[in-house]
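S.K.: Chains A and B supply the protein sequences, listed in that same order. Going by our numbering, the residue at position 29 of the first sequence is 29; the numbering climbs one at a time, nothing skipped. Going by our numbering, the residue at position 591 of the second sequence is 591; the numbering climbs one at a time, nothing skipped.
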Amino acid sequence: MASLFKDPSKLSVYRDRRFSGTQEEFEAALLASLTVYVGNMSFYTTEEQAYELFTRAGEIKKIIMGLDKNTKTPCGFCFVLYYSREDAEDAVKYISGTMLDDRPIRVDFDWGFEEGRQWGRGRSGGQVRDEYRTDYDPGRGGYGKMVQKELEAQRELVDYGVGFQTNAPPQYDRADRKRGYSDRNDRDYQRRRSAPDMSRRAPDSDSRKDANQEPEKNPRFREKGDSDDEDDDYDKKRRR
Amino acid sequence: MSAGWRTLLLRIGDRCPEYGGSADHKEHIETCYTVLCREYEHSKDDIFEFLLQCAEQLPHKIPFFGVLIGLINLENEGFAKGIVDTAQANLQDALHNENRDRIRILLRFLSGLMCSKVISPDSIIETYETLLSSAATILDEEAGNPSWQPRADFYVYCVLASLPWGGSELFEQVPDELERVLVGIQSYISIRRHFDDIAFSVFETDEGDSPNKKDFMEDLWERIQVLSRNGWKVKSVPKPHLSFEAQLVVGKSHRFPPVSCPPPTFTLSASEILKGQEKHEADLKYPQRLRRLHIFPTNKAENMQPVDRFVVEEYILDVLLFFNGCRKECAFYLVSLPVPFRYEYLMAETIFSQLLLLPNPPFRPIYYTLVIIDLCKALPAAFPSVVVAAVHALFDRISNMDTECRTRLILWFSHHLSNFQFIWPWQEWASVKGLPKWAPQRVFVQEVLEREVRLSYFEKIKQSIEDATELEGLLPPKAGPNFRYHTDDSKESTEGHRLSKELVGMVRGRKTTRDIISWVEEQIVPANGAKFAIDVVSQTLLDIGSKSFTHLITVLERYGQIISKLCPDEEMQLLLMDEVSAYWKNSTQMTAIAIDRMMGYRLISNLAIVKWVFSPANVDQFHVSDRPWEILRNTVSKTYNRVSDLRKEIQTLRKSIQVAKEASAKASRELEEAKSVLEIVEGQPAPSETPGRLRRLQGFADRAKEEEVATEESLEAKEALLARGLEEGKELLRLLFKSFVDVLTERLPPISANGDVPNLRAGDQDVTFAAADPEVATMEIDNENGADNDSQLNGKKTKVGYSIGELEQWCLCTLGYLKSFSRQYATEIWSHIAMLDEEVFVGNIHPLIRKAAFSGLCRPISERV
Numbered sequence: 001m002a003s004l005f006k007d008p009s010k011l012s013v014y015r016d017r018r019f020s021g022t023q024e025e026f027e028a029a030l031l032a033s034l035t036v037y038v039g040n041m042s043f044y045t046t047e048e049q050a051y052e053l054f055t056r057a058g059e060i061k062k063i064i065m066g067l068d069k070n071t072k073t074p075c076g077f078c079f080v081l082y083y084s085r086e087d088a089e090d091a092v093k094y095i096s097g098t099m100l101d102d103r104p105i106r107v108d109f110d111w112g113f114e115e116g117r118q119w120g121r122g123r124s125g126g127q128v129r130d131e132y133r134t135d136y137d138p139g140r141g142g143y144g145k146m147v148q149k150e151l152e153a154q155r156e157l158v159d160y161g162v163g164f165q166t167n168a169p170p171q172y173d174r175a176d177r178k179r180g181y182s183d184r185n186d187r188d189y190q191r192r193r194s195a196p197d198m199s200r201r202a203p204d205s206d207s208r209k210d211a212n213q214e215p216e217k218n219p220r221f222r223e224k225g226d227s228d229d230e231d232d233d234y235d236k237k238r239r240r
Numbered sequence: 001m002s003a004g005w006r007t008l009l010l011r012i013g014d015r016c017p018e019y020g021g022s023a024d025h026k027e028h029i030e031t032c033y034t035v036l037c038r039e040y041e042h043s044k045d046d047i048f049e050f051l052l053q054c055a056e057q058l059p060h061k062i063p064f065f066g067v068l069i070g071l072i073n074l075e076n077e078g079f080a081k082g083i084v085d086t087a088q089a090n091l092q093d094a095l096h097n098e099n100r101d102r103i104r105i106l107l108r109f110l111s112g113l114m115c116s117k118v119i120s121p122d123s124i125i126e127t128y129e130t131l132l133s134s135a136a137t138i139l140d141e142e143a144g145n146p147s148w149q150p151r152a153d154f155y156v157y158c159v160l161a162s163l164p165w166g167g168s169e170l171f172e173q174v175p176d177e178l179e180r181v182l183v184g185i186q187s188y189i190s191i192r193r194h195f196d197d198i199a200f201s202v203f204e205t206d207e208g209d210s211p212n213k214k215d216f217m218e219d220l221w222e223r224i225q226v227l228s229r230n231g232w233k234v235k236s237v238p239k240p241h242l243s244f245e246a247q248l249v250v251g252k253s254h255r256f257p258p259v260s261c262p263p264p265t266f267t268l269s270a271s272e273i274l275k276g277q278e279k280h281e282a283d284l285k286y287p288q289r290l291r292r293l294h295i296f297p298t299n300k301a302e303n304m305q306p307v308d309r310f311v312v313e314e315y316i317l318d319v320l321l322f323f324n325g326c327r328k329e330c331a332f333y334l335v336s337l338p339v340p341f342r343y344e345y346l347m348a349e350t351i352f353s354q355l356l357l358l359p360n361p362p363f364r365p366i367y368y369t370l371v372i373i374d375l376c377k378a379l380p381a382a383f384p385s386v387v388v389a390a391v392h393a394l395f396d397r398i399s400n401m402d403t404e405c406r407t408r409l410i411l412w413f414s415h416h417l418s419n420f421q422f423i424w425p426w427q428e429w430a431s432v433k434g435l436p437k438w439a440p441q442r443v444f445v446q447e448v449l450e451r452e453v454r455l456s457y458f459e460k461i462k463q464s465i466e467d468a469t470e471l472e473g474l475l476p477p478k479a480g481p482n483f484r485y486h487t488d489d490s491k492e493s494t495e496g497h498r499l500s501k502e503l504v505g506m507v508r509g510r511k512t513t514r515d516i517i518s519w520v521e522e523q524i525v526p527a528n529g530a531k532f533a534i535d536v537v538s539q540t541l542l543d544i545g546s547k548s549f550t551h552l553i554t555v556l557e558r559y560g561q562i563i564s565k566l567c568p569d570e571e572m573q574l575l576l577m578d579e580v581s582a583y584w585k586n587s588t589q590m591t592a593i594a595i596d597r598m599m600g601y602r603l604i605s606n607l608a609i610v611k612w613v614f615s616p617a618n619v620d621q622f623h624v625s626d627r628p629w630e631i632l633r634n635t636v637s638k639t640y641n642r643v644s645d646l647r648k649e650i651q652t653l654r655k656s657i658q659v660a661k662e663a664s665a666k667a668s669r670e671l672e673e674a675k676s677v678l679e680i681v682e683g684q685p686a687p688s689e690t691p692g693r694l695r696r697l698q699g700f701a702d703r704a705k706e707e708e709v710a711t712e713e714s715l716e717a718k719e720a721l722l723a724r725g726l727e728e729g730k731e732l733l734r735l736l737f738k739s740f741v742d743v744l745t746e747r748l749p750p751i752s753a754n755g756d757v758p759n760l761r762a763g764d765q766d767v768t769f770a771a772a773d774p775e776v777a778t779m780e781i782d783n784e785n786g787a788d789n790d791s792q793l794n795g796k797k798t799k800v801g802y803s804i805g806e807l808e809q810w811c812l813c814t815l816g817y818l819k820s821f822s823r824q825y826a827t828e829i830w831s832h833i834a835m836l837d838e839e840v841f842v843g844n845i846h847p848l849i850r851k852a853a854f855s856g857l858c859r860p861i862s863e864r865v
């Protein structure tokens, strides 16, 4: 309603580089889209949690979890598809910046989901932002991937003893909250999700390194008030 | 001065850097006016447009914009006259398009302009009188149409609502005329019908209507009368024009040209049904903006003049309206309204009244969740405690709260807490564990915990109530599937286990749906029967899809046909839902989602779902859990969502048909023209058109025609779908109401021999008595042991804290939902009211059922019994 304070040119600060059309086409896609992109989620947040929150803006058609392309585990983003444009608009207006699973999440219009967009685009398999982060974020696998590698390299030189833990991506077959994406029982699902990826990717050293990491005892640190200032970090990634 | 004139206009009156942090209104106006003068020559037209926009979208700053226009008027009469004329055109437009907010705000704008001598007072009086006489005409049986009283009320309301801004000047300058207007309003109030909004009140008052309660018109009228007795002094409206009076007084006042109101809508029919439909339409078009909710005791809330309360409410509602979607500004303006007193309690009451507004708030409830979160952050010292007090006050009265409002409150509260680390003084509510399991306070706590767990996870919420371990019993079960054919290596024996494992193997082996269907038909059905087949197949498929929402969708998309083959009719679909409910007995959310998706894939019909919800096992849950109601709400709303989506699509298609037709006509015309040119020049060596162009034109014409035909075909298809959807909606309503009537008739206490309607709340009287009873403490301990699994009516136990018996509570709750569904789907119900009258609301239907449904529809309970 209020047109006075809105800058209509700022539809979205983020321009998806994978979008093949022109800027105008991109904006037109955003204006008509029924899909929203949800960012800064915890790796632990389930589809059902997202469903409960996003259904408050309207009936949901589909949720597509963003997955780490190596581990096939959630890597902190998702797409929510609605049936109507107004519902998608309400999700952007009212849910962006509020908390889901104790984290401020970001909700933006998205130009539309396509097969392949569910995978993280970072070198290590997750989102790009998690490559370069230098902060410690327990909801997103601890330190950024680059810092983790650094720490590991150090560990090879110095023996830190028993207490040291790198912050490996959390395992999902833990009893308390089943994630299931990497569950071996679910071969059918696995194959469907991984097929397009494995065909074009040669195995690289990243995944082998991940496998070497020690399993973490309790990745789910949930201290009261551990809200991190995510917006800055997010923006950095977006500008990149 | 670095800020541009636009920013200065936007920020006028705000304590902000653009004005050097000063709060002096005079200084703001002078600064802004200086800059406007400097820019006037370059940007006259832009300033004109922008000022009007500001006045309409920042209505709480109207007095400032009024003074600015007044000052410009001193130098450039033409500019100000232009503003006046445009405002008149806009008002005229708004009256005819029934744009309520615009009408209301433009009338306030006129007052602002009048205060600054831009508009003459008598032309405002004239506008008021036009509105009043139109209102009076609408109420006239002969010349008007009393069904449209909501419009008449709205006009008079707008006049009254503008008086806090201009009353004092009108009183000074044209006292007799103002008096005439007030007399006119008085006589309007005396002839209008009192608006009985029992259907829309958040709290159910005691049995019977409350004749003394003032409706919104009578209330505002009284506030304005007090105002006039107090010499039209309003603290909450800034009067910046007073500082500029010496200058403004020489300004030329322009006449506000007369406006006309749209003529009353006539109907020739006198049928009761048509009148009801019409009144419903009018109510929808002119809904009440606010239903004041008194949450706090009077000694706690701010003490202010009646008119100030009204003005602050107007400010708050306008900020909520115009800053929807602009979080930062919305919170900023809410906390910095131009009033010289505190208003946190009033603000909380106003926002809660919107969240709980019936039948629907202007925006989605989640918007108010966001506003409350932002206010807690903007006023960290003041607002959170007000919210806590509001929650406690609402919680205390929850048993009288409207069912729909309870649901909204549960959704809001759980979401709110999820934004504040789930911190809440739960120990204060720990005692609800001792209440019978149908006590509304206990159900409220249980449902809030359920929603919290959905937004978070079990352990987290369990930890959040560690100060009130008693409440752990109210937590939902830890979510997880309950698979009947779970294979354990140690013991795997039954036929079901074997078949289930085989089915899993077939799915893993990517057998086609057809193969699996024939396997089911050959291996399971002949030996074990169809019911057993549903059991094994649905349990197994649910288990394969149990990992997440997406897994579920995938399984249903791939193997839904197997289920649909097994469940061709309602009876089998009911069994299927029993299986879903058994598999997901520990997760209400997944039960609801699974049923919702199965309806989406048309594996289950909406009628089957209604039947299932009204089946005995679920009916027993009606008063103790939201579980069946959530499923019912989903089903009804999904049915109507599809219909409204189809309506929208059809509208779009109609438009594109128009476009396609024009394009096709144009293409064939061009082709014909090109051809005809050729015909005339036949025989000559130089044809005007090359065959290539003709072929191209022919191609265009063909394609355009195809496009037109294709659009027409898809329109036809959609219209067929819509017709089917409408028919389904009608059947759904029929079944829904019949089911309500059946279960209620079975359980409602009968009317006494002398015709008295039973009072379901009769047991409620000794609640306060019980609280004062010293024995309560010991009795509560007794209760700890028994109340949980003891669902039998037990007078002794239920007396503690909550003394309405189980059966009575069940009736109150179910009647509440009946009312709530009737209100929510009033438009759909009104369009099938004849059918319902004939089949449902017949003869000796229990008066409480009729009352619940009719009050939801705002329909008078007619004499015919």
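All C-beta atoms in this analysis are idealised placements derived from N, C-alpha and C, irrespective of residue type, glycine included.
How would you call L242 (chain B), buried or exposed, if buried means at least 16 neighbouring beta carbons within 10 angstroms?
M.R.: Position 242 of the second sequence, counted from the start, is the residue given in the question as residue 242 (chain B). It counts as exposed.
S.K.: Could you check whether the Cβ of R103 (chain A) sits closer than 8 Å to any Cβ belonging to chain B?
M.R.: Along the first sequence, read from residue 1 onward, the residue named residue 103 (chain A) stands at position 103. So no, R103 (chain A) is outside the interface.
S.K.: Name, please, each residue of chain A whose Cβ falls closer than 7 Å to the Cβ of T86 (chain B).
M.R.: Locating residue 86 (chain B) in the second sequence gives position 86, counting from the first residue. Residues of chain A passing the Cβ test: none, with the nearest at roughly 17 Å.
S.K.: Would you please state the rounded distance, in angstroms, between the beta carbons of C16 (chain B) and R104 (chain B)? I believe it to be under 8 Å.
M.R.: Mapped onto the second sequence, residue 16 (chain B) falls at position 16. Mapped onto the second sequence, residue 104 (chain B) falls at position 104. Rounded, the Cβ-Cβ distance is 27 Å, inconsistent with contact.
S.K.: With distances taken from CA atoms, which of B:P362, B:M347, B:L160 is nearest I372 (chain B)?
M.R.: For the purposes of this step, residue 372 (chain B) is taken as the residue at position 372 of the second sequence. When only C-alpha atoms are compared, the closest one is B:M347.
S.K.: Does the beta carbon of G97 (chain A) sit closer than 8 Å to a beta carbon anywhere in chain B?
M.R.: Along the first sequence, one-based indexing puts residue 97 (chain A) at 97. So, interface residue.
S.K.: How big is the Cα-Cα spacing for G139 (chain A) and T45 (chain A)?
M.R.: The residue you call residue 139 (chain A) lines up with position 139 of the first sequence. The residue you call residue 45 (chain A) lines up with position 45 of the first sequence. Taking the CA atoms as reference points, G139 (chain A) sits about 9 Å from T45 (chain A).
S.K.: Identify, in the order they occur along the chain, each residue of the same chain with its Cβ nearer than 6 Å to the Cβ of L736 (chain B), setting aside the five sequence neighbours on each side.
M.R.: Along the second sequence, read from residue 1 onward, the residue named residue 736 (chain B) stands at position 736. Closer than 6 Å at the Cβ level, and outside the excluded window around L736 (chain B), lie V610.
S.K.: Check whether the segment 533 to 540 of chain B touches the segment 561 to 577 of chain B, counting contact only when three or more Cβ pairs, one atom from each stretch, lie closer than 8 Å.
M.R.: yes
S.K.: Taking 8 Å as the threshold, find out whether the segment 652 to 668 of chain B comes into contact with the segment 696 to 709 of chain B through three or more Cβ pairs.
M.R.: Yes, the segment 652 to 668 of chain B touches the segment 696 to 709 of chain B.
S.K.: Quick one, which residues of the segment 41 to 54 of chain B are near chain A if we go by CB-CB under 9 Å, in chain order?
M.R.: Within the segment 41 to 54 of chain B, the qualifying residues are F50, Q53, C54.
S.K.: Mapping DSSP to helix, strand and coil, what is C54 (chain B)?
M.R.: Position 54 of the second sequence, counted from the start, is the residue given in the question as residue 54 (chain B). Three-state DSSP puts C54 (chain B) in a helix.
S.K.: Closer than 8 Å, CB to CB, is S456 (chain B) near chain A or not?
M.R.: Locating residue 456 (chain B) in the second sequence gives position 456, where the first residue counts as 1. Judged by the 8 Å Cβ criterion, S456 (chain B) is in contact with chain A.
S.K.: Starting from the C-beta of L139 (chain B), find all residues in its chain whose C-beta is less than 7 Å away, skip the five residues before and the five after it, and write them out in chain order.
M.R.: One-based indexing of the second sequence puts residue 139 (chain B) at position 139. Taken in chain order, the residues that qualify are P146, Q149, A152, I191, R192.
S.K.: Check whether the Cβ atoms of Y345 (chain B) and A301 (chain B) sit closer than 8 Å, and answer yes or no.
M.R.: As a working note, residue 345 (chain B) is residue 345 in the second sequence. As a working note, residue 301 (chain B) is residue 301 in the second sequence. In contact: Y345 (chain B) and A301 (chain B) (Cβ atoms closer than 8 Å).
S.K.: Shorter than 8 Å from the beta carbon of T71 (chain A) to some beta carbon of chain B?
M.R.: Mapped onto the first sequence, residue 71 (chain A) falls at position 71. No, because no Cβ of chain B sits closer than 8 Å to the Cβ of T71 (chain A).
S.K.: Are the beta-carbon atoms belonging to I12 (chain B) and C32 (chain B) less than 8 Å from one another?
M.R.: Taking the first residue of the second sequence as 1, we reach residue 12 (chain B) at position 12. Taking the first residue of the second sequence as 1, we reach residue 32 (chain B) at position 32. Their beta carbons are under 8 Å apart, which means I12 (chain B) touches C32 (chain B) by this criterion.
S.K.: When DSSP labels each residue in this structure, what does V339 (chain B) get in the three-state scheme?
M.R.: In the second sequence, the residue the question calls residue 339 (chain B) occupies position 339. Per DSSP, reduced to three states, the secondary structure at V339 (chain B) is coil, with no helix or strand assignment.
S.K.: Is the CB-CB distance between K69 (chain A) and G325 (chain B) below 8 Å?
M.R.: The residue you call residue 69 (chain A) lines up with position 69 of the first sequence. The residue you call residue 325 (chain B) lines up with position 325 of the second sequence. For K69 (chain A) and G325 (chain B), no; Cβs fall outside 8 Å.
S.K.: Would D756 (chain B) be called buried (16 or more neighbouring beta carbons within 10 Å of its own) or exposed?
M.R.: The count along the second sequence starts at 1 and reaches residue 756 (chain B) at position 756. It is exposed - the Cβ of D756 (chain B) has fewer than 16 other Cβ atoms within 10 Å.
S.K.: Does any residue of chain A bring its CB to less than 8 Å from the CB of R406 (chain B)?
M.R.: Taking the second sequence and counting its residues from 1, the one referred to as residue 406 (chain B) is at position 406. Taking CB atoms only, R406 (chain B) has no neighbour in chain A less than 8 Å away.
S.K.: Using the Cα positions of G496 (chain B) and Y559 (chain B), report the straight-line distance between them to the nearest angstrom.
M.R.: Residue numbering aside, residue 496 (chain B) sits at position 496 when the second sequence is read from its first letter. Residue numbering aside, residue 559 (chain B) sits at position 559 when the second sequence is read from its first letter. Going by the C-alpha atoms only, they are around 19 Å apart.
S.K.: Please report the distance separating the alpha-carbon of D129 (chain A) from that of G116 (chain A).
M.R.: Counting from 1 along the first sequence, the entry for residue 129 (chain A) is found at position 129. Counting from 1 along the first sequence, the entry for residue 116 (chain A) is found at position 116. Per the sequence presented here, residue 129 (chain A) reads as Arg, with Asp not at that position. Computed Cα separation, rounded: 18 Å.
S.K.: Apart from the five residues on each side of it in sequence, which residues of its chain come closer than 6 Å, Cβ to Cβ, to G66 (chain A)?
M.R.: Translated into the one-based positions of the first sequence, residue 66 (chain A) becomes position 66. Closer than 6 Å at Cβ, skipping near neighbours: C75, F77, C78, Q118.
S.K.: Using a Cβ-Cβ cut-off of 7 Å (strictly less than) and excluding sequence neighbours within five positions of T540 (chain B), which residues of its own chain qualify?
M.R.: If you number the second sequence from 1, residue 540 (chain B) lands on position 540. Answer for T540 (chain B): Y485, S500, L503, V504, listed in chain order.
S.K.: Under a CB-based cut-off of 8 Å, is E502 (chain B) close to chain D?
M.R.: In the structure shown, chain D cannot be found, because the protein chains are A and B.
S.K.: Taking Cβ positions only, does D702 (chain B) come closer than 8 Å to chain A?
M.R.: For the purposes of this step, residue 702 (chain B) is taken as the residue at position 702 of the second sequence. No - not a single Cβ of chain A is within 8 Å of the one on D702 (chain B).
S.K.: Indicate the three-state DSSP secondary structure (helix, strand or coil) for M65 (chain A) in the structure shown.
M.R.: Working through the first sequence from its first residue, we reach residue 65 (chain A) at position 65. If DSSP states are grouped into helix, strand and coil, M65 (chain A) belongs with the strands.
S.K.: By Cβ distance, which residues of its chain are closer than 8 Å to M401 (chain B), with the 5 residues on each side in sequence left out?
M.R.: Against the second sequence, residue 401 (chain B) aligns to sequence position 401. Hits under 8 Å: V202, F203, E204, L394, L409, P440.
S.K.: Heavy atom of the ligand MG less than 7 Å from the Cβ of A826 (chain B), yes or no?
M.R.: Ligands in the displayed structure: none, and consequently the ligand MG is not present.
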